[in-house]
Every structure is written in structure tokens, then in C-alpha cells.
Amino acid sequence: MRISFERTGGFAGISKKTTVDTATLPPKEAKELPQLVEVADLFKLPEQIVSSNPQNDRFQYKLTVEDNGKQHTVTVSEAALPGTLRPLIEWLNTKGQGR
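Residue numbers for the sequence shown follow my numbering, so the first one is -3 and each next one is one higher.
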């Protein structure tokens, strides 16, 4: 499984990009990532998730997941972030800082 993750926006407007691949992760993380994708039900989420009440200086996240020949991209605003997707976003934010 491979995930390309991009966070844009925020107060400073700094963009952060990272790519995570289970083939190159330590075993514990390589097991954890697919579980987070499954809990988020990412392949069933719409391509765009936007808030009905947009707010300035909020982050926007773009995730592209590739797994077993399937690919799906989701772009979501922080204000509209589904609870099931939050753990995956937090994991990618944390793991992506050191990459």
C-alpha cells in the first residue's frame, strides 16, 4: 500500500507533502497503516469533502491511496474531516514529519 499525502493551507500557508509505502515502513507501522485506511473506509469516500461553512486558515488534505491495483484520491477540508478519517490524517501528519 502506498499513500501520497499533501497538507495545504493553515495560517502560514505552508504545504507539506509526503509519500508512505508499507514496503519501506518498519513492520509495526506497515501493519498499522492498512488498518487505518480500512477504518476510514477510504475507498468509499467521495473525491471531495467540503465544509458547508468554509473557514479561512484551515488545512486541506489530499490523499491518494494505491493498493492491490486500486487507486483513490480524496481531498478533504479540515472543517469537514470525517471522524473515521481523522486517525489516518493524524498518523500521516506524525509519520510524515520525519520523512
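Backbone N, C-alpha and C fix where the C-beta goes; we use that ideal spot for every residue, glycine too.
- Secondary structure of residue 43 (DSSP, three-state): coil.
- Following the DSSP letters along the chain, one finds residue 62 inside the beta strand (DSSP E) bounded by residues 55 to 63.
- Across the set 12, 44 and -2, the C-alpha of 12 shows the shortest separation from the C-alpha of residue 4.
- If you check the CB distance, residue 18 and residue 1 do not come in under 9 Å.
- Residues of the same chain with a CB within less than 8 Å of the CB of residue 30, apart from the 5 flanking positions on each side, are -3, 18 and 63 in chain order.
- Inter-residue distance for residue 41 and residue 70 is about 7 Å (C-alpha atoms, whole angstroms).
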